[in-house]
Amino acid sequence: MTPSPQFGFSLTARADAAPGADPTSAVAVSTLTSTARDILEGAFPPIWVRGEITGFKAHRNGHWYFTLRDRMAQVRAVVWSKDTRSIPAPPDEGMMIAAYGNLSVYPAKGEMQFVVRRMEAEGDGLWAKAIERTRLKLEAEGLLAPERKRPLPRYPRRVAVVTSPDGAALRDIISVMRRRAPAVEIVVVPAAVQGDSAALELSRAVARVSRWREADVVIVARGGGSREDLWAFNDERLARAIVACPIPVVSGVGHEVDVTICDMVADVRAATPSAAAETVVRDHAELANELRVAERRMSRALIKRVDRAKADVQWLASALRSRLVRTTERRRARVSELAGRLHALSPLATLNRGYGVARSTDGRALTSATAFSPDMPFELLLRDGTVAARATDVRRSEPA
Amino acid sequence: MSFEQRLRRLEEIVGELESEELELDRALKLFEEGVTCLRAATEDLGKVEARVQRLVERTDGTFEVTDVRE
Chain A
2 MTPSPQFGFS
12 LTARADAAPG
22 ADPTSAVAVS
32 TLTSTARDIL
42 EGAFPPIWVR
52 GEITGFKAHR
62 NGHWYFTLRD
72 RMAQVRAVVW
82 SKDTRSIPAP
92 PDEGMMIAAY
102 GNLSVYPAKG
112 EMQFVVRRME
122 AEGDGLWAKA
132 IERTRLKLEA
142 EGLLAPERKR
152 PLPRYPRRVA
162 VVTSPDGAAL
172 RDIISVMRRR
182 APAVEIVVVP
192 AAVQGDSAAL
202 ELSRAVARVS
212 RWREADVVIV
222 ARGGGSREDL
232 WAFNDERLAR
242 AIVACPIPVV
252 SGVGHEVDVT
262 ICDMVADVRA
272 ATPSAAAETV
282 VRDHAELANE
292 LRVAERRMSR
302 ALIKRVDRAK
312 ADVQWLASAL
322 RSRLVRTTER
332 RRARVSELAG
342 RLHALSPLAT
352 LNRGYGVARS
362 TDGRALTSAT
372 AFSPDMPFEL
382 LLRDGTVAAR
392 ATDVRRSEPA
Chain B
9 MSFEQRLRRL
19 EEIVGELESE
29 ELELDRALKL
39 FEEGVTCLRA
49 ATEDLGKVEA
59 RVQRLVERTD
69 GTFEVTDVRE
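So the sequences go chain by chain: A and B.
For the first sequence, this note's numbering assigns the number 2 to the initial residue and increments by one for each residue that follows.
For the second sequence, this note's numbering assigns the number 9 to the initial residue and increments by one for each residue that follows.
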């Protein structure tokens, strides 16, 4: 069999000589580079490398190319498009980063290259950059404005919870709500809260609640985790789903230190899932107490009102009495005045001056001698009594 | 009437009862209504635990809530 360089050493190598040991067993270039690649990849476990970004280029095919360098050396680096998705934002030129990946060889060019799978900039630079970029965009559209924040319903009957159905966040929320407001319904809207599909699933779940329209308030929640774990909550799609939601949204993501885009667009930001549940439902013990207070206020107000009615009645009664007394007195005064005047006019007053009046036995005044006849009985009316009398002789005086 | 509506009504009743110019007749009626409201609201608070449910959207765009085993 004639040795043929095109077929590589496995087919052509002689048992007594290594491939490429002489011209007849020379290996192909591709054999050389791919062997170099295999050896390099086997020799270097995945490793973090620190360096400065230079010549960064995001290619149309989705891959990122750049050179990583320090003062002494440099290496070509690549991030395949599938891995760029787990990096929050493309790095800036000149940025100091730590890149995690494998050293390899690009056989087509015979170049050594560092294949980067993860990347971190100093001081969370990339995360901060990505969040800032989304924040600025939403802010420019006015979606973060304080006046957009809607008040939460005071006594929700049904709370939708967008979260992982198996997560600690849901357990925490259920336990807080059970304790504080057992009668409030919890409707879980399941979504992955980490991983590649999380952002999409979360935004779809929020959109589902929006379409459903039967919940009074939504909690979007996830327990604490690393920046990467919480990354879906910085996704613009989720932000827009929250903005479009017709009912108020409470964000309860991570622990207190992490502020996500989701926190910024939500109507209320709670630091944790438990805090979100506490924000949404008021403690029933507290409400029961409010009811007792209302009851006391109501009773007190009614008693006060009845007391006032009683006082009104009493006042009226006494006013009536005094009015009556005054009227009576006025009448009495009038009566005695009239009596005085009557008295002054009365012929009886004459009696007081010592005169007397003769009256017939049937009460007629006898004012003329002609009214008398001899032996006729009559009555003499005096100041202090009457005298029974009898006429003895009747003498008429001559008319003048 | 929902719990929220009841509480709001109760607040109105207390407010009106506490106002100065109120007919006695009206005050008595309000009080009676307030007591009914209070009783119903207190009952609401004592209701048994609501179930945890899960929202499911059907392919035709309609929704269904199903119980979740805790």
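Each residue gets a CB set at the ideal place from its N, CA and C atoms; glycine is no exception.
Query	Result
is_contact[PRO247 of chain A, chain B] using C-beta, thresh 8 Å	no
Beta-bridge partners of TYR107 of chain A, as assigned by DSSP	A:GLU112
Residue-chain proximity (ALA58 of chain B, chain A), Cβ-Cβ < 8 Å	yes
Whole-angstrom distance between ARG136 of chain A and MET75 of chain A, CA atom to CA atom	Here residue 75 of chain A turns out to be Gln, not Met, going by the sequence shown. Whole-angstrom Cα-Cα distance: 35 Å.
Nearest-angstrom Cα separation, counted from SER31 of chain A out to ARG238 of chain A	45 Å
Segment contact flag, the stretch 315-323 of chain A with the stretch 184-197 of chain A, C-beta cutoff 8 Å, min 3 pairs	no
Straight-line gap, ALA29 of chain A to PRO20 of chain A (C-alpha atoms, nearest Å)	10 Å
Cβ-based neighbour list, LEU352 of chain A, same chain, cut-off 8 Å, excluding 5 preceding and 5 following	VAL358, LEU382, LEU383 and ARG384
Residue-chain proximity (GLU186 of chain A, chain B), Cβ-Cβ < 8 Å	yes
Inter-residue spacing [alpha-carbon to alpha-carbon] between GLY23 of chain B and GLU31 of chain B	14 Å
Beta-bridge partners of LEU383 of chain A, as assigned by DSSP	A:GLY386
Residue burial classification, GLN13 of chain B (beta-carbon count within 10 angstroms, cutoff 16)	exposed
Among A:GLY111, A:ALA99 and A:ALA109, the one whose alpha carbon lies nearest that of ARG118 of chain A	A:ALA99
Per-residue DSSP class, three states only, for VAL60 of chain B	strand
C-beta neighbour in chain B for PRO191 of chain A, strict 8 Å	yes
Chain-ordered chain B contacts of TRP316 of chain A [CB-CB under 9 Å]	Here the premise fails: no neighbours, minimum Cβ distance about 15 Å.
Helix, strand or coil at ASP313 of chain A according to DSSP, with G and I counted as helix	helix
Spatial distance of ASP68 of chain B from VAL116 of chain A (CA atoms)	46 Å
Neighbouring residues, chain B, relative to GLU296 of chain A (Cβ below 7 Å)	LEU46
Between the CA atoms of LEU145 of chain A and VAL163 of chain A - distance to the nearest angstrom	21 Å
Exposure label - ASN290 of chain A; buried when at least 16 CB within 10 Å	exposed
Helix, strand or coil at ALA276 of chain A [DSSP, three-state]	helix
Reduced DSSP secondary structure (H/G/I, E/B, other) of GLN75 of chain A	strand
Range of the contiguous beta strand (DSSP E) that encloses ALA359 of chain A	358-360
Proximal chain B residues relative to ALA278 of chain A, where beta-carbon distance stays under 9 Å	Within 9 Å Cβ-Cβ: nothing; ALA278 of chain A doesn't reach chain B, min ~13 Å.
beta-carbon LEU292 of chain A near the ligand NAP non-hydrogen atom, thresh 7 Å	Absence of the ligand NAP from the depicted structure is noted, as is the absence of any ligand whatsoever, leaving it without description.
Extent of the continuous alpha helix (DSSP H) to which TRP128 of chain A belongs	126-141
Same chain, Cβ closer than 6 Å to GLU28 of chain B, neighbours up to 5 away in sequence not counted	none
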